[in-house]
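Asker: Order-wise, the sequence lines are chains Y, Z and L. Going by my numbering, 124 is the number at position 85 of the first sequence; the sequence numbering is gapless. Going by my numbering, 262 is the number at position 267 of the second sequence; the sequence numbering is gapless. Going by my numbering, 206 is the number at position 100 of the third sequence; the sequence numbering is gapless. C-beta atoms are modelled at their ideal positions from N, C-alpha and C, and glycine is treated no differently. A quick note: this is a predicted structure, and the numbers were derived from the prediction, not measured.
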Amino acid sequence: MSKLKYSWWAVAVAAFALFPVVVTNPTYTAIGVYTLLFMACATSWNMFSGYSGYIALGSSVFYGVGAYTMALASIHWHMAPGAAMFWLVPLGGLVAVVIAVPIGWIALRVRRHTFVVITIAIFFIFQLGAINFGFTGGTAGLSLPFIQWDASYYNVPFYYVALGIVLVAVVISAAVRRSRFGLQLLAIRDDEDRALGLGVKVGAVKLSGFALSAFVIGMAGAIYAMFQGQIYPQFVFDPTFDVSVALMSFFGGLGTLTGPLLGALVLESAQQYLTVTYSNGSLYLIFFGALFLIVITFMPRGVVNFFLDRRRATLAAASMANPSPTPSAPSTPTPAARSLV
Amino acid sequence: MNATALLSAAKDGILTGSVYALMATGLTLIFGVMDIINIAQGILVILGAYLSYALQVHWHIDLFVGLLITIPTMFLVGVVIERLFFRRLTGPERTGMSILVTYAVSLLIEGALNMIFSVNDVQLQGSYVNKSFAIGSVHFGFIYVAGFVLAVVLLSALYFMLYRTRFGVSVRASVADQTSAALVGIDVKRVSTIVFGIGVAVTAAGGMIYGATNAFNASTSYDLISRLLTIIVLGGMGSLGGALLAGVGMVFVGDMVGVIWSPVWSSMSYFVVLAVVLLVRPQGLFGKQSARVA
Amino acid sequence: MKLSRKYFRTFGVASVAGALSLTMVTASGASSGGLAAGAPVKIGISLSLSGDFSADGLAFQQGYKLWAADVNKAGGLLGHKVVLDIVSDASSPTQVVTNYQKLVSSDKVNLTFGPFSSLLSLPAGKTLSRYGYALVEGAGGGPSVFQAGLHNIFDVSLPVANNLMPFATWITSLPKSVRPTSVAYVTSNDPFTQPQLTTIEGTLSKAGIKQVYNKVFPAEVTDFTPIADAVAAAKPQVVVLGSTDVPTVSAFMQAFEQSGFSPKVFIATGGPDQGSTFIKAVGASNANGIMVPNAWYGGSANPLSKKMVAEYIKQYGGTAAGVSSDVVEAYSVGEVVAQAVKATGGFDNKKIIAYLHSGAVLSSAQGPVKFNSVGENVTPTAFTFQWQGSKFVQVNPVHDPNSVKVLFPKPAWGK
C-alpha cells in the first residue's frame, strides 16, 4: 500500500473517531453503533465468503452465539452492570469460533450452491434451538444486567468499542489478503479443482477462513446484546442479518477491502434513518429491491470494483495513447483480482 | 397419543407434503436447467395465493376455476422475470448472482404485496374448505385431498412432458449439459425461458392450496422458501424425483415428530435430517456425484 | 446525493441543539414541568406499523389517535394541545431502541407512550429509563417486563398470568354431573400465552378434570393442522388454546371442524377478542360459544368505556362488539397519563413516575388502575367473554352482575 493510501485510512479513522464528539445527539450515535457493527460483520463475512467465493447465508449463527454468550455469562457470573462487561466481548468471538468449526466441517463438504443452502439450514437449527431450549429463556429472551449510564453518553462507549472491532476486522481482512493463506482462498474462488491440483489443502484453508470470519461477527453480537440490554432469539438469529451482510459486501464490491465497509455504511445508516424518518416498511422494501436490481444490472461487480475497473480502463487507454517505457496497470484484472459474484 | 393421532399425522404429512413437493419441483427444475437458485419462489407462491384471493374477492371466481387464470399468469410472470434479469446473467458466477437477483426481486414483490393487500393475514375461503369425509377414525379435509390430487395431476403432466415429448428431450439434454445441447441444435435460451415459466407456474397451484389451508401475508414467504430450499437440497439439487421424495418425506417426518414428541421440534427435525443426510451424502439423496467439487 | 446533504444539515443543527437539550433533560429528568403557554405537548410513540405486530400496531394507533382527538376536543392537557409523534419500529426491538432515542433527543417529546407487546416494551422501557422518562403502556404485561426491575414502566392493562382464573373458577364450580372430565392445553411458545395456561392447570386437575394433551407449538408455525388433529384425536371436552392472534384460532377451528371434532368448551387466550376481524375470519356461526379471557369488552358498562366506544363508532364505524381490545388498551394509556399530568400539574416525568408509584387509584376505560412497585396494574379483575350468536358478552365471573349465562356446552360448528 502506498503512503497516500495509508493517509486516507488515517483520515477515515479520525473522522469516525471524532463523530460522537461532534454529533452528540443519541439518535445518531445509536445509528452509528449499529452501522459500525454491520461494517465489522460485513468486512469479516467478506474475508471468507468474498475471498473464497463460498457465499454463507448463515452468519447470524455467530452473531447470535456471541450475543447469547454475552447474555448468559453476564447473568450467570452476576456481573455488575457496567464497563467490565466489555471483557466478555472477545469471549463472544471465541465461542463463535469454537461453534464455527463443526459447522464449517459439515457445510464445507459440499459444492458452492449447496453450501449456501446448508448455511441457511444450520441457521434455522440454531434459531429454533434458541427459541425452544430452556437455558436460552425461550421467546421471552434474556435480560442482561441493566446498565444505568446516563442517556447522554450511553451510546458512546459502545460506539468506540464497535469502532475498535471494525479496525480489528479490517486488519485481519487486509492481513489475510496479503498472506499466502489469502492467496489460497482466492485460488479456491477462481478454480477450486486447479487449486487442489496445485497442492492447496482446500479443506483446511476453507475451514480456517470460515472459523476466522466467525470471530469478529461473534464479538459484534456480544456488543449488540450488551447495548440492547435485552435479546430475543428471533432477533439475534436473524435471517435478514444473513442477507444484509451479503448484500452490503456485494453492493460495495465482493472480495475488496473497502467494498463491505462502504456497503454497510451506506445501507445500514440509510435503513435506520429512513425507518425513523418515513416509517413505511413496505416502501423501504421496494426501494431496497430496486436499488439492488439497478446495481446488479449496471455494476455487477459492486460499486468499488466498478470504479476500480473504470480507472484501470482509463489508465490503460491513456497508456495506449501515449506509450511510455514503463508498463502501466493491465487493463484486464489479473486472475487473483478478478471478483466472483 | 393413540392410533388415530398417528394415522392423522401420517395423512397430514403425505397430503401437505405433496403440495410442497409440487412447489419444490418448480424450484429444482429451474436449478437443473439454468443453475439458478430462485429465492423468489417463496414470494411467488404467495403472489399466486393472492391472485386466487383477488379473483375470489373481486369477481367471485371459485378457487379451482381461478387456476385456469392464475397458472398462465404466473407462467408469464416467470417468463418476464427470466427475460429481464437472467438473459444477461452468464458465466461461472451466475448461480451466486442468481441468489442476489432473485432475493431483490422477492423484496420488490413483498413490498408491493404489503402495499396492495396490507400486512393483515388472509385465508382463501370456499364452501368446501371446512368440509371433510372420514375413513375409519381418520378425517380427510376436502381441500387437502384436492391439493394432493392437484399435485399428483400436475406432477404427472410435468413428467409426461419431460419424458414423452420432444420439448422434454431438449430440457433433459439442457440439464445434462448445456453446451452439448446447444451443439446438437437445441435452442437452450428458449428452453430456459419456458422452463423458468413452468417452474414459476406451479406456484399458482401450490399457492392456492397453501392459501386455503394457511393464513398468509407477504412475509410468510420466508418460512416457505426456507422449507423449499431444504427440500431440494435434501433431494439433490436438480433432481425431480429427489424433490418429490424429500417434499413428502420432510413434511411427513415433521408431522410425526410433532405428534410423537412435540410440535416444537417439528420444524427443527427438517433441518437436522438435512444436516445428517448431507454428512453421509454431500450431494443429497439423488444428486449427481460428479457435480461435487473437492 | 440528496440523502447525505439532508443528513449533514440535520447533524449540524442536531449537534448543537442536542448537546444543549441533553444537559437539560438529564439534569432534571425532563425539566418540561411548565410548557410555554400555547405550546403543544408532544407525545412520542413507537408502533409496529409493519412487520409481525402490524395488525395490533395499527389498532393501537387508532386507540391513541382517538384519545388525542378526545382530549383536544376538551381543550387539551392543562390547556396544551396534544400532538402525537408516532414512528414505526417494524416490530423490531433494535429499531424500537433507536426510535425512542430519536423521540426524546431529536423530537424532544414531553411524554412517551408504549409500543405493542412485551417484546418491544422491555427494550423501550430500558432505554427510556436512562432518560428518566416514564413509559406508560397497554400491551406489555408479560412477567418478563416486571421482572426487569425497571422503575419507569407502567402497564395499564391486566397482568396476563391470572387471565384465565375466572374461567377456571367457573369450570370447577359446575356440578359434577355436567362438569367436563378432560382438558387439552395447547399453546404457542410465547411469553404472553404460556403463563396463563400454567396458572390454571393445577386448579382444573384438582377438580378431577383429566389432562389428555399438553403441548407447546413454536410461535412461527403456519400449518396448524397436524397439531389440531393430534388434539382432536385425544378427544378432550375442554380445549384451552394459548394463542395471540386471529389466524391461529381460526386455523384450529377449521382443523377441528374438518376432523369432525367439536369440544364442549373452547377458550383461546387471544384472537376472539379482536371483534369484527375475528368474525370475518371464522364466520359468525362458527364463533358461537367461543370464549376468551380479557379485562374489557365493547359492551362494558363502564361509562368511560361507553364514551370511548361511541367515539370509536362515530370515527371508524362498526359495532361495539367489533372494537378490538387493542384500541381500549391504547386509549387507557392516554387516560392514565392525562390524570397523572393533572395531578402533578405539569409534564415532569420524574413527578409523573413518583405519582404513578404513589398508589393513587386512577380510572380508565378498562376500569380502575393502581400500580405496584414494578408497574403492574393490581386492581383489575379478569373477565371471560363469549361469542353468543353475533353478540360478544361477558360470562365470568359468574357472580358479577354484568355477566350473562355461559353458553354451555358449545354448539356444534356452524350452529
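Enumerate in chain order the residues of its own chain whose CB-to-CB distance from L/TYR239 is below 7 Å, with the five nearest sequence positions on each side excluded.
Answerer: Cβ within range, chain order: ALA136, VAL210, THR218, ASN258, ASN455.
Asker: Buried or exposed for Y/SER46, going by 16 or more other Cβ atoms inside 10 Å?
Answerer: Counting Cβ neighbours within 10 Å, Y/SER46 comes out exposed, since fewer than 16 surround it.
Asker: 7 Å is my cut-off, CB to CB: does Z/PRO277 come that close to chain C?
Answerer: Considering every chain present, this structure includes no chain C. Its protein chains are Y, Z and L.
Asker: L/PHE384 and L/PRO378: beta carbons closer than 7 Å?
Answerer: Yes, Cβ-Cβ distance for L/PHE384 and L/PRO378 is below 7 Å.
Asker: Using the beta-carbon of each residue, which ones in chain L are nearer than 8 Å to Y/SER182?
Answerer: Within chain L, the residues near Y/SER182 are LEU228, SER250, GLN253, ALA254.
Asker: Rounded to whole angstroms, what's the CA-CA distance from Y/ALA56 to Y/TYR199? Just pull it up for me.
Answerer: Near 7 Å, if we compare the C-alpha coordinates of Y/TYR199 and Y/ALA56.
Asker: Starting from Z/LEU22, trace the alpha helix (DSSP H) in both directions and tell me its first and last residue.
Answerer: Segment -2 to 29, the alpha helix (DSSP H) holding Z/LEU22.
Asker: On the CB-based measure, 16 or more other CB atoms within 10 Å of its CB, does L/SER194 come out buried or exposed?
Answerer: Its Cβ being crowded by 16 or more others within 10 Å, L/SER194 is buried.
Asker: Between which two residues does the alpha helix (DSSP H) holding L/GLU417 run?
Answerer: That run of the alpha helix (DSSP H) goes 409 to 422.
Asker: Helix, strand or coil for Z/GLN278 per DSSP?
Answerer: Coil, per DSSP.
Asker: With a Cβ-Cβ cutoff of 7 Å, do Z/GLY249 and Z/SER261 count as a contact?
Answerer: Yes, they are a contact pair.
Asker: Which two residues bound the contiguous beta strand (DSSP E) that contains Z/THR174?
Answerer: Element bounds for Z/THR174: not the beta strand (DSSP E) but the alpha helix (DSSP H), 173 to 178.
Asker: In the stretch 188 to 220 of chain L, which residues sit with their C-beta less than 7 Å from some C-beta in chain Y, listed in chain order?
Answerer: For the stretch 188 to 220 of chain L, which is checked against every Cβ of chain Y, the residues closer than 7 Å are VAL193, SER194, ALA196, SER198, PRO199, THR200, GLN201, VAL203, THR204, ASN205, GLN207, LYS208, SER211, SER212.
Asker: Considering only the alpha carbon of each residue, which of Y/VAL244, Y/GLY238, Y/ASP348, Y/GLY298 lies closest to Y/SER218?
Answerer: Among Y/VAL244, Y/GLY238, Y/ASP348, Y/GLY298, the Cα nearest to that of Y/SER218 belongs to Y/VAL244.
Asker: For a quick check, are the C-beta atoms of L/ALA175 and L/TYR206 less than 7 Å apart?
Answerer: Contact flag unset, no.
Asker: Leaving aside the five residues before and after L/SER349 along the sequence, list all residues of the same chain whose C-beta is less than 7 Å from its C-beta, in chain order.
Answerer: Excluding positions up to five away in sequence, the list reads SER294, THR299, VAL355, ALA374, THR375, GLY376, GLY377.
Asker: Consider the C-beta atom of L/LYS321 and the heavy atoms of the ligand MN; say whether any pair is separated by less than 6 Å.
Answerer: Because no ligand of any kind appears in the structure shown, any question about the ligand MN cannot be addressed here.
Asker: For the beta strand (DSSP E) holding L/GLN492, just list the boundary residues, first then last.
Answerer: Start and end: 489 to 494.
Asker: For L/GLY181, go through chain Z and note every residue whose CB falls closer than 9 Å to its CB, in chain order.
Answerer: Correct list: empty, because the minimum Cβ distance to chain Z is about 35 Å.
Asker: So which residues of chain L does Z/HIS134 contact, with C-beta pairs closer than 9 Å?
Answerer: Within chain L, the residues near Z/HIS134 are ASP335, ALA338, GLN364, SER365, GLY366, PHE367.
Asker: Count the other CB atoms within 10 Å of the CB of Z/MET156; is the residue buried (16 or more) or exposed (fewer)?
Answerer: Exposed, by the Cβ-count rule.
Asker: Any beta-carbon of chain Z closer than 7 Å to the one on Y/ALA160?
Answerer: Interface residue, yes.
Asker: Listed in chain order, which residues of the stretch 154 to 174 of chain Z have Cβ atoms closer than 7 Å to some Cβ of chain L?
Answerer: Listed by position, the residues of the stretch 154 to 174 of chain Z near chain L (Cβ gap below 7 Å) amount to none.
Asker: Is L/PRO342 helix, strand or coil when you go by DSSP?
Answerer: L/PRO342: coil per DSSP, three-state reduction.
Asker: Please classify L/ASN478: is it buried, with 16 or more other beta-carbons within 10 angstroms of its beta-carbon, or exposed?
Answerer: L/ASN478 should be labelled exposed.
Asker: Assess, as a yes-or-no matter, whether the stretch 203 to 221 of chain Z is touched by the stretch 94 to 114 of chain Z under the definition of 3 or more beta carbon pairs within less than 8 Å.
Answerer: Yes, the stretch 94 to 114 of chain Z is in contact with the stretch 203 to 221 of chain Z.
Asker: Quick one: measure Cβ to Cβ for L/VAL346 and L/LEU303, integer angstroms, because I've assumed they're closer than 8 Å.
Answerer: About 6 Å; that satisfies the 8 Å criterion.
Asker: Please confirm whether L/MET130 has its beta-carbon closer than 7 Å to some beta-carbon of chain Y.
Answerer: Summary for L/MET130: the model assigns pLDDT 39, below 50, so the residue's position carries little reliability, and this model does not support an answer.
Asker: So for L/ASN205, helix, strand or coil by DSSP?
Answerer: In the structure shown, L/ASN205 sits in a helix (DSSP, three-state: H, G or I).
Asker: Suppose you measure from the CA of Z/SER13 to the CA of Z/VAL147; what does that come to, to the nearest Å?
Answerer: Cα-Cα distance, rounded: 8 Å.
Asker: Specify, as a first and last residue, the run of the alpha helix (DSSP H) that L/SER349 falls within.
Answerer: Unbroken run through L/SER349: none, as it is neither H nor E.
Asker: What does the alpha-carbon distance come out to for the pair Y/CYS80 and Y/ARG148?
Answerer: C-alpha separation (whole angstroms): 24 Å.
Asker: Go ahead and pull the three-state DSSP assignment for Y/ALA253.
Answerer: Reduced to three states, the DSSP call for Y/ALA253 is helix.
Asker: Does the separation of the CB atoms of Y/TRP84 and Y/SER99 fall below 7 Å?
Answerer: No.
Asker: Going by the CB atoms, is the gap between Z/ALA35 and Z/ALA238 shorter than 7 Å?
Answerer: Cβ atoms of Z/ALA238 and Z/ALA35: not closer than 7 Å.
Asker: Using the three-state DSSP reduction, which class does Z/ALA129 fall into: helix, strand or coil?
Answerer: Note: Z/ALA129 maps to strand in three-state DSSP.
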